[in-house]
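Q: Here you go, one structure.
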C-alpha cells in the first residue's frame, strides 16, 4: 500500500494548522460581532448548517474505514479528516449559536445554493446527492465490506464527498458576508483539494 511521503505529511500538517488558526480567529471575531447581523437563511447560515452535516458524515465514514484498514497511510489520512472536520463542525455550530440562529433551517438542504443559481434539486435525495453525501445503503455497504474492497469503496465515496464540499465552499468564499465564513471556506478548499489528490492516488493503487 502507498505511504504518505514526508512532504505530504508536512503539507497536510501545515494546512491543518492553517485551518486551526482560521477557526480560532473566526471564534474571536464572532465574540465581538453584533447579534442578529446574519441572515437566518442566507449564505453564511446555510453554509454553516449544510457543511456541518457534510463534515459529520465524513467523520463517520473515516471512523468506519480507520477501524478496518491496516494501511498506515490511509489510517493517517482518516485521522486527519476525523480531527479537522469534527473541529470545524463544532466551530460552525458555535457560529450559529453566536448569531442567535437555529441549528436547523426552515428551508430544504442546499436552498441557499439554489438561490445563487445552482439548481441542486428540491427533493432531499437530490440535495444529498448534490452535496456528495453517501446514501444510507452505501454506508451500510462500507460497514459490511472488508479488506481492499472496503478501502476502495471508502476512497470512492470520499472523493465524491470532497467534491461536493468544494462546490459548497467555493460559493461561500464568493458570496459569504462574514469574514470567518469566507476564511474557513477557503481553508476547506485548500485542504480538501490536497486530500482529494491523495485519495485518487490511493484509489489508483487499488485498481
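In the numbering used here, the protein residues as written are 682 to 888. Here a beta-carbon is modelled for each residue, glycine too, at the ideal position from N, C-alpha and C.
(1) What residue range does the alpha helix (DSSP H) around residue 736 cover?
(2) Quick check: what's the CA-CA separation for residue 828 versus residue 809?
(3) Please classify residue 778: does DSSP put it in a helix, a strand, or coil?
(4) When DSSP labels each residue in this structure, what does residue 862 get in the three-state scheme?
(5) So the candidates are 881, 843, 888; which of them puts its Cα closest to the Cα of residue 870?
(6) Return the CA-CA distance between residue 761 and residue 781, expressed in angstroms with no decimal places.
(7) Which value, in whole angstroms, describes the spacing of the CA atoms of residue 777 and residue 865?
(8) Quick check: residue 872 and residue 765, are their CB atoms within less than 8 Å of each other?
(9) Look at the alpha carbon of residue 713 and the alpha carbon of residue 779, and state the distance between them as a whole number of angstroms.
(10) Helix, strand or coil for residue 809 per DSSP?
(11) Rounded to whole angstroms, how far is the Cβ of residue 857 from the Cβ of residue 793, which I believe are closer than 8 Å?
(12) What residue does the alpha helix (DSSP H) around residue 829 start on, and which one ends it?
(13) Should residue 876 go down as buried or exposed, given a rule of 16 or more other Cβ atoms within 10 Å for buried?
(14) Report back the beta-carbon spacing between residue 813 and residue 846 to the nearest angstrom; my notes put them in contact at under 8 Å.
(15) Along the chain, where does the alpha helix (DSSP H) that runs through residue 787 open and close?
(16) What distance in whole Å lies between the Cβ atoms of residue 746 and residue 832, which are believed to be in contact at a cut-off of 8 Å?
(17) Taking DSSP as the reference, what is the three-state secondary structure of residue 890?
(18) Nearest CA to the CA of residue 791: which residue from 852, 773, 739?
(19) In whole angstroms, what separates the C-alpha of residue 734 from that of residue 888?
(20) Going straight from the alpha carbon of residue 732 to that of residue 799, what length do you get?
A: With the structure as the only source:
(1) 724-747
(2) 27 Å
(3) helix
(4) helix
(5) 843
(6) 31 Å
(7) 14 Å
(8) yes
(9) Any reading at residue 713 needs caution, since the residue's pLDDT is 40, under 50, leaving its predicted position unreliable; the model's value is listed next. Approximately 10 Å, taken between the alpha carbons.
(10) helix
(11) About 10 Å separates the two Cβ atoms, so there is no contact after all.
(12) 828-856
(13) buried
(14) 7 Å
(15) That residue, residue 787, is in no alpha helix (DSSP H); it is neither H nor E in DSSP.
(16) 7 Å
(17) This structure cannot settle anything about residue 890, because the visible part of the chain is limited to 682 through 888.
(18) 852
(19) 30 Å
(20) 16 Å
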